[in-house]
Every structure is written in structure tokens, then in C-alpha cells.
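Have a look at the structure below before the remarks.
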Amino acid sequence: EKGGYDYFMLKEIAEQPKAVADTLLGRIGADGRLRLDEVRIPDAVLREADKIVIIACGTAFHAGLIAKYAIEHWTRIPCEVELASEFRYRDPILGQRTLVIAISQSGETMDTLMALRHAREQGAKVLAVCNTNGSTIPRESDAVLYTHAGPEVAVASTKAFLTQLVACYLLALYLGQVRGTKWGDEIHAVVRELARIADEVERVLETMEPVRALARSLAGKNTVLFLGRHVGYPVALEGALKLKELAYMHAEGFAAGELKHGPIALIEEDLPVVVVVPSPRGRSVLHDKIVSNIQEIRARGARTIVIAEEGDEAVAPYADHLIRIPATPTLLQPLVSTVPLQVFACELATARGNEVDQPRNLAKSVTVE
Ligand code: F6R
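Here's what the structure looks like:
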């Protein structure tokens, strides 16, 4: 059942191109327009929504953080992302025009379920993004957009995460389409790129051997830091979460711009720091700033592990290890930049002799609050 792989996690990492393609299937028309009729929320409700609130836990929360960048940029609807476990305890402001998006692989996470019940009690409409047909979260929501990752068995979420991103991009684009906001060249380019993205994920998977070797060489370390900006920031958080749960290492993700506000004090000789570099095209000012950050930490002794687009030469002189990913539109980069971090964590866990599919103290679906 592991299809020749040692662990379900390895199998599920390898299945990501198919999971992404399956989640896109039938949802983009030949004319490049989104087809999400299955989301049975009337267009009028989507047009009138004045706020979006995303609730989720763990890896699904990181997908939500990335979705916020896409939703606000493509639709101009204000979007908040909140840990489901915190949501209902702070008396959130919700109304008839609030659209709540609950993201969950299992559809059974109690924190997310309680948050969505609270949202509906306050009159908000809830749309679930879920991987498990007929599970509790979609059943209790007003509508559902299913991810088609197939069953995810390993406790650490991988393919479900990528498909959550795809579903959120589709939803954001659909909202833009329905509301007539920003439906221009940029959107068409993104839709075209989405149609090719499964192949790009496949290309990343084919180049992972150096990442595995690097991971093995770091098995004796205690700490790894992760830095990113813009959508690379949640990717850094996700890279750190994977490393904590699988390798049981101290791992933290930071927004690179925050370094100087404290975390840079952590940098010491030979500390591995993974940096997710934004595209030098698009929002190039962010790229230049992160190149300075890499220089700053390297000058203080950090061992820099840099994930950067093919053709980005500016980072090369400051990278002790350079991991290349295909060029994508800025907002879609997490679909390719997360993959090396999954492979990295999985290999480090193996090198440390940990049980990859069943990390200690964790359960696949967390059905208690
Ligand atoms: C991390 C992981 C967890 C889940 C979280 C939410 O790899 O698997 O952080 O993402 O427990 O689970 P779902 O998506 O089932 O609600």
C-alpha cells in the first residue's frame, strides 16, 4: 500500500503533482474562466461579502496565511486568518456579509469545527476547503470546495497542503471573477501558470537528491531557522513546523523583515538558516531586501540554505547551499518552494531514526479541543 516507498510520507510527497492536477481538474474552463458551480453559495452572496475570515489549524493554517495574500490582492476583500483554537474565545466580529473559510484536511478537527459552529451562530456563511468527503466540517458548512489529494495517511501533511493552496487560489480567482475585480492580464497569466504547475512540482521532485544529502549532514544539529517574506513567510513557518513534528528539532520560522527586531540575536557560527527567496521579477524590492538579510546572517556565521528561482544569480554568492525552484508568479511560489522543505524534514527525521509516518505524541486527526 506504500507503493514501493519506505514511508507513506514519501509516497504522498511524490503524489503531489497528481494531487494538484486532480484538484484543478474541471475547475478552469477552456476560456480561462473559473468553473466553481459546485460551491453552492449564490454569486450574490459572494459579491456582497465585505470580509473574509479563514480559520484552520497547523499546516492548514499556513495554507490560510498564504491564501490571504492571494485573496486580498486579487479581490480587494479584507481577509483575516485565525487559528481556529483561538477564534471563538476572542468574541470575533462576524456578520451576514462575512464569508468564513474553514480549511481542514480531515474535516474532523475539533478546534476548526467549534470555530465554524461559532461563526454560523453569528450569521456568517461558512465555506469548507476539505479533503475528506462527507466529513463533519463540510457537512456543517454552507458549502464545500473539496481538495482532491486522495487519502493522506502520514501524520505530517504534505499533498493536502499543496491542494489546499490550489483550492484557495481557485476560490480567490473565482471571487475576483464574480465581483469583476482585477480580472485582467495578471489573472490570465496566473490561470495559465496554474494549468502548468503540476509539471513544475514534478520538476522540483526530480532535483531533490542534494536536499536529502544536505538534510543527512545536519542530523546532529539542534536548531534550524527559516526565513521568508510575503508568501514565503508562511512557507518558512510550514518548513519549521514540518521539522519540529518529524525531526523533533527546535525550528522556527520568521518574517525576514523581523530579523533586526530580535531574532538576529539567535544567529551563531554554523547555525543552519533556510531562506525562501521571493522572485526577483514581480515584487523585486522584496527580493533585494532578502538578499541583504542573507548577507547579514552570513556575516554573523550562519550556514545559509537558500531556496531561489532558477536564474536568480544575485543570491548565489551568499548561499552555502542553493536549492533551485522553477520561476512562477509570486503568489504561486509556495506550491514549489514548500516541496524541498517537506523532503528536508522527512530525510532529517529518517537520519535521526524517527518514525516518519507516526511522529511521537501526534495524531492524524485531532478530535479533541
Ligand atoms: C502538520 C499537520 C497538522 C494539521 C492540523 C490540521 O503536518 O498535519 O498541523 O495540519 O492538525 O488538521 P486538519 O487539516 O485535518 O484540520
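At position 347 of the sequence shown the residue is numbered 328 (the numbering used here), and the sequence of numbers has no breaks.
C-beta: ideal position from N, C-alpha, C; glycine also.
Identified DSSP bridge partners for residue i
i, result
"residue 66", "The partner list for residue 66 (beta bridge, DSSP) is empty, contrary to what the question assumes."
"residue 33", "60 and 80"
"residue 125", "109"
"residue 288", "257 and 304"
"residue 233", "206"
"residue 247", "In the DSSP output, where bridge partners are listed per residue, residue 247 has none listed."
"residue 329", "None, per the DSSP bridge assignment."
"residue 15", "9"
Same chain only: Cβ atoms within 8 Å of residue i, ignoring 5 sequence neighbours per side
i, result
"residue 50", "211, 212 and 312"
"residue 267", "210, 211 and 259"
DSSP three-state assignment for residue i, whether helix, strand or coil
i, result
"residue 253", "strand"
"residue 97", "helix"
"residue 140", "helix"
"residue 9", "strand"
"residue -9", "helix"
"residue 343", "coil"
"residue 195", "helix"
"residue 85", "strand"
"residue 315", "helix"
"residue 148", "helix"
Proximity below 7 Å, CB of residue i to CB of residue j
i, j, result
"residue 296", "residue 278", "no"
"residue 303", "residue 256", "no"
"residue 148", "residue 52", "no"
"residue 330", "residue 176", "no"
"residue 21", "residue 124", "yes"
"residue 182", "residue 145", "no"
"residue 105", "residue 75", "yes"
"residue 281", "residue 301", "no"
"residue 27", "residue 172", "no"
Exposure of residue i, with buried meaning 16 or more beta-carbon neighbours within 10 Å
i, result
"residue -12", "buried"
"residue -8", "buried"
"residue 70", "exposed"
"residue 246", "exposed"
"residue -3", "buried"
"residue 269", "exposed"
"residue 165", "exposed"
"residue 77", "exposed"
"residue 219", "buried"
"residue 169", "exposed"
Cβ shell of residue i (< 6 Å), same chain only, five flanking positions each side left out
i, result
"residue 318", "216, 257, 288 and 306"
"residue 341", "none"
"residue 193", "328"
"residue 235", "208 and 244"
"residue -14", "-8"
"residue 261", "268 and 293"
"residue 263", "311"
"residue 332", "197 and 200"
Close beta carbons around residue i, own chain, < 7 Å, minus the five adjacent residues each side
i, result
"residue 339", "136"
"residue 335", "227, 228 and 229"
"residue 101", "107"
"residue 116", "87, 88 and 89"
"residue 122", "83, 97, 107, 108 and 109"
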